[in-house]
Each structure stands twice: as structure tokens, then as C-alpha cells.
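Residue numbers for the sequence shown, in numbering that gives the first Met the number 0: 0 to 70. All C-beta atoms in this analysis are idealised placements derived from N, C-alpha and C, irrespective of residue type, glycine included.
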Amino acid sequence: MNKHYEMIETSVKGQVGLIELNRPKVLNALNRQMVSEVLSAMEAFDQDADIKVIVLTGKGRAFAAGAISMK
0 MNKHYEMIET
10 SVKGQVGLIE
20 LNRPKVLNAL
30 NRQMVSEVLS
40 AMEAFDQDAD
50 IKVIVLTGKG
60 RAFAAGAISM
70 K
């Protein structure tokens, strides 16, 4: 997976696609851009027949603190 994202990091380990939320200073609070990047990464992993599992995790001390207003 070679796509560059600003708010997440992706990697592949064997048959596992890993998506890491990467905004630890705000406890990985979700915003529109991050949600869009996560969905894009999931779609890319879904298109890869070698990927059997997708793991979603967060960097730092929190998985995700919730969502910032997405109005």
C-alpha cells in the first residue's frame, strides 16, 4: 500500500492490513479528513486479495477520543 495519508498510517504484515490513527496530541479525535482516510485505506485493503484481516488501532495513549464536530 503506497498511498500517503496525513492523519493515519498504514502497513501490511503478512495477510494483515494495519491502519493506525495518528493524531496522538488530540487523542486521535476523529474529524472528516481522518474518517475519509480510514475509509480509503479500508477500500484499498479490501481490493487486495492477499489481505485477510484489517486491524484499526490508534497511536499514543488513546484509540480515539471521539469525534470533533463534523458539520
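Practice problem: Would you please state the rounded distance, in angstroms, between the beta carbons of V34 and I18? I believe it to be under 8 angstroms. | Solution: That pair is no contact at about 12 angstroms.
Quiz item: Are P23 and G65 closer than 9 angstroms when you measure CB to CB?
Solution: Judged by their CB atoms, P23 and G65 are not nearer to each other than the 9 angstroms cut-off.
Quiz item: Are L29 and A61 closer than 9 angstroms when you measure CB to CB?
Solution: The answer is no: Cβ separation not under 9 angstroms.
Practice problem: Excluding the 5 residues preceding and the 5 following V52 in the sequence, name in chain order all residues of the same chain whose CB lies nearer than 8 angstroms to its CB. | Solution: Q14, V15 and G16
Quiz prompt | Option in D49, G57 and I67 with minimal Cα separation from V11 | solution = Taking the Cα of V11 as reference, the smallest distance to any Cα among D49, G57 and I67 is reached at D49.
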